[in-house]
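Notes follow once the structure below has been shown.
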Amino acid sequence: MGKLFDIVPTMKSSRKKKYPYKIKFPDGRSVPVPSQHDFADNFIQNHGCSLAGFYMALRFVGKKKSMEKCYAYMRDHYNLNGKAKYSLRQVCAAINKLAPENPAKFYEKISKAEMKKALKRGDMVLFEEKNPIHTAVILWNGRKFKRFSDGRYKTVTVDREIRKRCGDDWYGGCVVVKKAK
Numbered sequence: 408m409g410k411l412f413d414i415v416p417t418m419k420s421s422r423k424k425k426y427p428y429k430i431k432f433p434d435g436r437s438v439p440v441p442s443q444h445d446f447a448d449n450f451i452q453n454h455g456c457s458l459a460g461f462y463m464a465l466r467f468v469g470k471k472k473s474m475e476k477c478y479a480y481m482r483d484h485y486n487l488n489g490k491a492k493y494s495l496r497q498v499c500a501a502i503n504k505l506a507p508e509n510p511a512k513f514y515e516k517i518s519k520a521e522m523k524k525a526l527k528r529g530d531m532v533l534f535e536e537k538n539p540i541h542t543a544v545i546l547w548n549g550r551k552f553k554r555f556s557d558g559r560y561k562t563v564t565v566d567r568e569i570r571k572r573c574g575d576d577w578y579g580g581c582v583v584v585k586k587a588k
């Protein structure tokens with residue numbers, strides 16, 4: 408199997424800091440990888456990992472919203488309930504409201520086999536990690552699993568990510584986002 412996407416550095420200097428990389432798919436879709444720490448908004452800097460996952464998932468299904476507009480949407484439609492950041496349940500519901508055909512599905516505890524199957528099918532996985540609690544995006548490029556977070560990426564294994572799974576009732580879980588048709 409060939410590569411399902413390429414990761415290319417952003418060349419425009421005005422966007423390079425906030426979005427250092429782009430994931431380019433053969434069908435022409437492009438998903439910028441945001442670096443949450445380079446945004447002016449304090450909430451995005453400190454608690455924006457779930458917003459970055461939300462932003463990337465929307466781009467993945469063909470909807471364009473800026474990180475700031477993603478934050479404004481979440482702030483206007485969802486309550487933090489005294490928590491530090493938005494949960495993946497809320498992110499999943501927001502993706503399904505904004506994207507056609509409800510492409511996102513929330514799993515409280517996804518198995519290794521289910522995650523691998525979804526990734527190899529070409530889907531995107533938003534995954535909540537523990538210690539510290541943090542949202543990461545995982546994709547399969549046809550050869551390896553790539554984890555995107557904080558404007559960077561690295562190669563990972565599904566086994567390693569499952570071991571880092573967050574078990575918290577509010578934050579824990581995983582969202583599988585089906586690719587746009």
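Numbered as in the numbering used here, the sequence shown ends at 588 without a single skipped number. Even for Gly, the Cβ is constructed at its ideal location relative to N, Cα and C.
| Asked | Found |
| --- | --- |
| Can you tell me where the alpha helix (DSSP H) with D566 in it begins and where it stops? | 565-570 |
| DSSP beta-bridge partners for R436? | Beta-bridge pairing links R436 to no other residue. |
| Secondary structure at V498, three-state DSSP: helix, strand or coil? | helix |
| For K561, which residues from the same chain have a beta carbon less than 8 Å from its beta carbon, with the 5 sequence-adjacent residues on both sides left out? | K553, R554 |
| Classify M418 as helix, strand or coil using the three-state DSSP reduction. | coil |
| Quick check: what's the CA-CA separation for T417 versus P510? | 27 Å |
| Pairing CB atoms from the stretch 453-460 with CB atoms from the stretch 481-494, are three or more of them under 8 Å? | yes |
| In whole angstroms, what separates the C-alpha of M474 from that of R572? | 25 Å |
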